[in-house]
Every structure is written in structure tokens, then in C-alpha cells.
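Residue numbers (the working numbering): 38 to 325.
Idealized CB from N, CA, C, for every residue including glycine.
As the structure is a prediction and not an experimental result, all values here were calculated from the model.
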């Protein structure tokens, strides 16, 4: 089997690194696995289930090996979408299939709305956009509160709020910001503020990702087949509720995948999903 080819791509305001794993099969269409702010290492296990296809992973701008060159503190999904469009064009392999999870799903919706000609099938797994849920204003407020807490008190305090948001079931209550939250050290997080404010999740992408409003007319008009998915264990959680709302906005059924928000993980970042079952479901959806 051919070795992974790591490539460098200069885009507007960033230098990207991406990896191409040549497949052993005859399908000429590459499969892109996209997260945000998760880097390429998060797809190691999932990629191992698609050795028959050329698989492409990358580090989004400001994450891992991909560095920002514009000095900006925050990133918008439209910027990520432009990066992805340039990456696909750099591959020179025609329309690609895309599996995108979390913030990567948000960025891929922006990509398809702008450049649907580049994507044959998009599987958008749990895109956490607050703009589409019934409790929109409260959802936007709690996501902004995560970012503000990080800027004010540092990474540990910000992560406490973030973990509370992603694990909450159902609509967010009006008194969310006034609720008592755990001390960071009780969750194994640092209590001290290290002074840094460049975290890709809490700093660079939190507000842009969650405040993204899908362009439903453009998405419905795109030549891309779009499948929106959520984990069977994620029901009621913010990203799963958003996925259901995006599917409704597109007029398509919501696909149910095994496990949870990180169901494709096989121990990466200390998280274990159900990667074998997840990969089988993804393959069936892509081949449908």
C-alpha cells in the first residue's frame, strides 16, 4: 500500500497541511474526512476502514500543522469553506465525497452553498449551528457565554461551560448563564489561567461556527447530494437538535448513525465511539 502523501497548500491567510492516503480500490472519487477544530489525527481510525478509497484529511487553519498567517483571532465558516474549496481544487480529482463532523459539518455546508460543483455527496454529521434550533436566541447566548468566559477566565473555566453546553439535553433555559457551574479542577481541568487566548475551539471557532446560518435555498439548489446525520445516543443534545433542524430545512430525512457526537473515534483524544459500526453506516450512506 502506498504511503500517505502530506501536502502543503497556501490559501488566503493560512498555510494548510493535508494528507492523501491512496486507496487500493477502483473508486476514483476521493473521500474527505473533515472536522473542526479537530485536526487530521481524529480520523485515524475511521480512515482505516476505507483503505479501498483514496482518503484525504487535513488540519483546519490555526490547528495542528496548519498555521494562520493573517493574525486573526477568530475564523468564520466561510473562510474554512474557501480553504476546503482550494484544497479540493488542488487535488485535481473532480467532485469528492465528504464526511464532515461537528464544526467540519458547518464548514462543509458553507462549502456546498458556495461551491456545490466540488462535492458529489456530503454527509454532515451533527453540525452545531444555533441559528436553526427553536431556542435560537438562548442557544446563541450560551455559545457566546462560553467564548466570553474563556476570554475572561481562561481555558479551564471556558471548557467547563463548553462541556455543560454539549451535554445538555433539550432547549437551553433562560437562566443558563446565572446557573452554578463546576470548578475546573473537579472535572480534571486546570484551575489556573495560563494567559493564553488562542485555543482553536473556545477562541477561534466557537462563535463563528455556532452562529452560522445555512443558506437553505443555495443548498437545495446545489448539485450535491446532502445527507444530514446525528448519533443515536445524541438525541436532545444541541448538535443533534441542530442536525434535525438542518435536515428539516433541506426537506430531507435525518440519518441516524451509531453512537454519539464522536461515534467515529477509536480512542483518539481518549474518546471511544463505535468506529466499526459507524464506518459501515457511512459506507452504506455513501453508496446509496
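Judged by DSSP secondary structure, residue 276 falls within the alpha helix (DSSP H) whose first and last residues are 275 to 287. Within the region 159 to 203, the runs of alpha helix (DSSP H) that reach at least 4 residues and sit entirely inside it are, in chain order, 173 to 190. With fewer than 16 other CB atoms across the displayed protein chains lying within 10 angstroms of its CB, residue 306 is exposed.
With three or more CB-CB distances shorter than 8 angstroms, the region 96 to 108 counts as touching the region 46 to 57. Here the region 286 to 294 does not lie against the region 66 to 74, with fewer than 3 beta-carbon pairs under 8 angstroms apart.
Taking the C-beta atoms as reference points, residue 276 is found nearer than 9 angstroms to residue 203. With contacts defined as CB atoms closer than 9 angstroms, residue 144 and residue 162 fail to qualify as a contacting pair. Within the same chain, Cβ atoms closer than 6 angstroms to the Cβ of residue 64 are found at 90, the five residues on either side in sequence being excluded. When 195, 308, 85 and 241 are compared, the shortest CA-CA separation from residue 320 is found for 85. For residue 42, the enclosing beta strand (DSSP E) stretches over residues 42 to 48. When Cβ pairs closer than 8 angstroms are counted between the two stretches, the region 236 to 243 is seen not to touch the region 300 to 318, the count staying below three. Distances from the CA of residue 170 to each of 130, 303, 250 and 68 were compared; the closest alpha carbon is that of 250. Restricting attention to beta strand (DSSP E) runs no shorter than 3 residues, the region 284 to 320 encloses them at 292 to 294, ordered along the chain.
A Cβ-Cβ contact shorter than 9 angstroms links residue 68 with residue 93. Counting C-beta atoms within 10 angstroms of its own C-beta, residue 43 has fewer than 16 neighbours from the protein chains shown and is therefore classed as exposed.
At a Cβ-Cβ threshold of 9 angstroms, residue 115 and residue 147 count as neighbours.
Taking C-alpha positions only, residue 218 is separated from residue 302 by approximately 28 angstroms.
If you check the CB distance, residue 135 and residue 259 do not come in under 9 angstroms.
Judged by DSSP secondary structure, residue 58 falls within the beta strand (DSSP E) whose first and last residues are 51 to 58. Taking C-alpha positions only, residue 164 is separated from residue 265 by approximately 8 angstroms. No Cβ-Cβ contact shorter than 9 angstroms links residue 184 with residue 262.
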